[in-house]
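There are 2 protein chains.
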Amino acid sequence: VYARGATDNKGQTFSHILGTQAWLKDHRDLPVNLIYLMEGEEEIGSPHLGEFLRVHAPELACDAILVSDTSMIAPGHPAIACGLRGIACVNLRVKGPSADLHSGVFGGAVPNPATELARLLAQMHNGTGRIMIPGFYDDVAAVDAVETGAWKHLPYTDDDVLKAAGSTALGGEQGFTTLERTWIRPTAEVNGITAGYQGPGSKTIIPSEASAKLSFRLVPNQNPVDIACKVAAFFASKAVPGVEVEATYDHGGNPYFASPDTPLGLAVRTAVRNVFGREAALVRGGLSIPVVSLFKEVLGRDTLLLGLGLPDCAAHSPNETFPLENLDKGIALHLSILEQFAT
Amino acid sequence: VYARGATDNKGQTFSHILGTQAWLKDHRDLPVNLIYLMEGEEEIGSPHLGEFLRVHAPELACDAILVSDTSMIAPGHPAIACGLRGIACVNLRVKGPSADLHSGVFGGAVPNPATELARLLAQMHNGTGRIMIPGFYDDVAAVDAVETGAWKHLPYTDDDVLKAAGSTALGGEQGFTTLERTWIRPTAEVNGITAGYQGPGSKTIIPSEASAKLSFRLVPNQNPVDIACKVAAFFASKAVPGVEVEATYDHGGNPYFASPDTPLGLAVRTAVRNVFGREAALVRGGLSIPVVSLFKEVLGRDTLLLGLGLPDCAAHSPNETFPLENLDKGIALHLSILEQFAT
């Protein structure tokens with residue numbers, strides 16, 4: 009069981025910890041050995057976890073890995089995420105004049121880094137939402153139509169997405185459903201932009217530089233370093249004279265796919281039937297949990313991603329939540345999973 | 009004589025004040041009445057100066073107005089700016105989801121306000137640097153070829169502009185010289201952009217909103233409010249579903265043109281010949297000094313713009329400067345102007 013920093017994830021993980029405690033109140037011992045692994049660097053790409061896993065591999069040897077950091081498909085309907093998107097984080101910097109310039113004296117004479125940054129970002133997608141970085145889609149694996157077909161029966165509508173997002177319209181790549189766009193299609197998102205004057209009123213300058221934080225969600229079999237190189241080459245090719253364009257790779261994680269038909273997967277699916285009275289939904293996740301690739305690489309084990317949070321938990325946003333009801337159900341589910349292993 | 013807040017401008021203005029003091033050391037009285045008007049709100053559009061001028065119009069009644077807030081054409085070569093560009097400052101805001109969203113969970117599903125802002129800004133110009141806002145150039149007055157032709161003989165090269173700007177290449181609207189682009193062509197500049205996460209490392213969000221500070225330098229006979237309306241209509245027409253686009257007028261000032269052949273202009277030009285041994289260059293200024301339109305409107309007098317600063321004074325930038333040598337020469341010039349009026 010692996011816990012990281014977010015509120016929603018902490019709630020999910022605590023339900024497993026409390027489930028273990030609850031089991032030990034009624035039993036002398038656990039039916040299986042459990043190792044709890046806690047780490048606080050997941051949001052910056054887990055730079056030290058790989059070394060930790062390698063050093064402690066003998067103590068961490070295990071048959072299966074469980075991570076609860078994903079979502080139910082709807083309240084009361086847990087889901088197993090068979091896949092996750094990977095991520096490549098890239099910082100883009102456009103450098104122009106050696107200092108901020110008076111936009112009256114120099115406006116019209118020299119390129120404006122803020123304008124050039126906007127032009128670069130605007131060229132990332134075409135009018136249909138397709139990403140225009142050469143080679144970006146080269147390694148995207150085809151997805152079985154049986155898997156995507158089953159998603160049509162999930163209790164999940166575009167209206168739910170709009171409501172959870174607080175948005176008035178959907179967007180993104182044309183030709184794919186909303187679930188496909190978030191689960192099996194890669195993205196290019198602008199996470200932040202910084203340029204020139206940002207205080208109250210106005211300051212009439214041509215900023216010396218402008219920068220953007222970008223993240224690319226990746227799907228099997230895209231590679232974050234490869235994508236970061238393609239991104240950097242794309243922006244370099246679009247730079248106009250008078251500005252210097254630099255795209256640097258910040259961190260990344262591989263996309264992931266694992267079967268839900270392992271012994272742990274089958275135990276969890278039975279437990280979901282027992283506690284929730286329904287089948288666990290077999291889904292994918294749009295987010296990235298780079299550590300699951302590390303677990304696979306160092307410990308040689310796939311990770312079962314059991315989602316106990318709610319789709320509207322406001323992850324990475326103000327007022328992130330995990331309902332107490334989900335905590336209670338999570339404890340019961342954990343007890344039922346241990347029960348499966350005991351029998 | 010009118011003084012405002014910038015270092016360069018203060019230096020220029022002090023040379024007039026010290027010139028007046030120097031005259032009074034050697035003479036009983038001034039040959040003409042002088043009124044010094046000081047104001048500290050020019051950079052925010054002088055919101056209170058109009059009322060002040062109206063209330064005090066009788067005390068401020070004058071034959072001519074002198075402002076030194078522009079540049080020499082080169083060290084030791086003062087210039088009279090016969091025209092100035094106006095300005096329209098506009099704040100652009102793109103509002104999307106009700107809060108920042110997790111870019112893994114929602115990336116690909118909803119429009120990203122930072123990306124949409126970049127697309128809006130990228131559409132302001134076409135590939136030749138022409139501004140694509142409908143009607144933007146409608147009121148641009150033709151400029152006499154005699155005036156622009158004389159600029160070819162100014163001691164001023166593109167290399168000087170590159171050096172003063174600290175830029176490696178020039179940019180802007182094709183088909184015009186650098187002086188024309190900064191003196192008699194309007195511009196659309198991005199002064200600042202704010203969106204999403206701007207701290208160290210990365211934060212994988214779809215920002216709830218993104219905004220930009222824009223300023224448009226205007227030439228005769230463009231009107232700042234008219235331009236702001238055209239800008240707002242342009243951006244509104246480009247908004248995609250799921251984002252709300254709002255462009256608000258912050259402040260502005262009219263473009264300006266005045267003849268250098270007034271009594272004050274002729275006195276100044278004689279004084280320049282006496283002190284600097286050369287003709288004052290007759291130029292325009294790319295910057296905006298909105299108060300000159302106010303002076304004209306309320307006091308009914310044109311303003312002579314006598315430039316005593318240097319082109320590389322770093323106006324609106326760190327380490328803005330005014331050389332002491334220019335202060336000394338400015339004092340001598342002011343004495344010579346008073347001499348003209350005395351005789």
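Going line by line, the protein sequences match chains A and B.
According to the working numbering, the first sequence holds residues 9 to 351 in order.
According to the working numbering, the second sequence holds residues 9 to 351 in order.
Backbone N, C-alpha and C fix where the C-beta goes; we use that ideal spot for every residue, glycine too.
Keep in mind that this is a model prediction, so the values were computed, not measured.
In this structure, the CA atom of F184 of chain B is about 12 Å from the CA atom of G157 of chain B.
No Cβ of chain B is located within less than 8 Å of the beta carbon of K337 of chain A. Two segments are said to touch when three or more pairs of C-beta atoms, one from each, lie closer than 8 Å; by this definition the segment 90 to 109 of chain B touches the segment 169 to 178 of chain A. One alpha carbon belongs to D167 of chain A, the other to A117 of chain B, and they sit about 12 Å apart. Selection A:G53, A:S219, A:Y164, A:S223 evaluated against G112 of chain B yields A:S223 as nearest (Cα-Cα). Counting only Cβ-Cβ distances below 7 Å, I214 of chain B has contacts in chain A at E197, in chain order. By the neighbour-count definition (other C-beta atoms within 10 Å, threshold 16), M80 of chain A is a buried residue. E305 of chain A and H64 of chain A have their C-alpha atoms roughly 14 Å apart. Taking 8 Å as the CB threshold, Y145 of chain A stays off the interface with chain B.
Per the DSSP secondary-structure output, R225 of chain A pairs in a beta bridge with A:I95. Under the three-state reduction of DSSP output, K103 of chain B falls in the strand class. Assignment of beta-bridge partners to Y264 of chain B by DSSP yields B:L92. Put simply, the CB of D258 of chain B is near chain A, with a gap under 8 Å to one of its CB atoms. The beta carbon of E254 of chain B is closer than 6 Å to those of R101 in its chain, skipping five residues each way along the sequence. Residues of chain B whose Cβ lies closer than 9 Å to the Cβ of E49 of chain A do not exist; the shortest such Cβ separation is about 11 Å.
By the criterion of a C-beta distance shorter than 7 Å, Q230 of chain A is surrounded in its chain by G94, D147, V148, P194, P263, once the five residues flanking it on both sides are discounted. For F114 of chain A, the closest Cβ of chain B is nearer than 8 Å. Closer than 9 Å at the C-beta level to chain A, one finds these residues of the segment 70 to 101 of chain B: S79, L92, R93, I95, C97, V98, N99. Residue contact with chain B for Y164 of chain A: absent (no Cβ-Cβ distance below 8 Å to any residue of chain B). Residues of the segment 115 to 130 of chain A with a Cβ closer than 7 Å to any Cβ of chain B, in chain order: G115, G116, A117, V118, P119, N120, A122, T123, A126, R127, L129, A130.
Taking C-beta separations shorter than 7 Å and ignoring five residues to either side along the sequence, the partners of T278 of chain A in its chain run Q348, following chain order. DSSP assignment within the segment 172 to 259 of chain B yields the following whole beta strand (DSSP E) runs of 3 residues or more, N-terminal first: 195 to 204, 217 to 226. One thing to note: G260 of chain B has its Cβ within 8 Å of the Cβ of A96 of chain B.
Of the residues B:P208, B:I52, B:A203, the one whose Cα lies closest to the Cα of Q206 of chain A is B:A203.
Contact residues of the segment 180 to 193 of chain B toward chain A are G180, E181, T186, R189, T190, R193 (C-beta to C-beta distance below 7 Å). Sequence-distant Cβ neighbours of G294 of chain A in its own chain, meaning closer than 6 Å and more than five residues away, are R93, T190, W191.
Contact annotation, S54 of chain B with L302 of chain B: C-beta distance approximately 7 Å; criterion of less than 8 Å satisfied. Under DSSP, L313 of chain A forms a beta bridge with A:V75, A:A89.
A350 of chain A is a Cβ neighbour of P39 of chain A, given a cutoff of 8 Å. Taking C-alpha positions only, T28 of chain A is separated from Q20 of chain A by approximately 13 Å. Contact annotation: V283 of chain B and Y257 of chain B have beta-carbon atoms that are not nearer than 8 Å.
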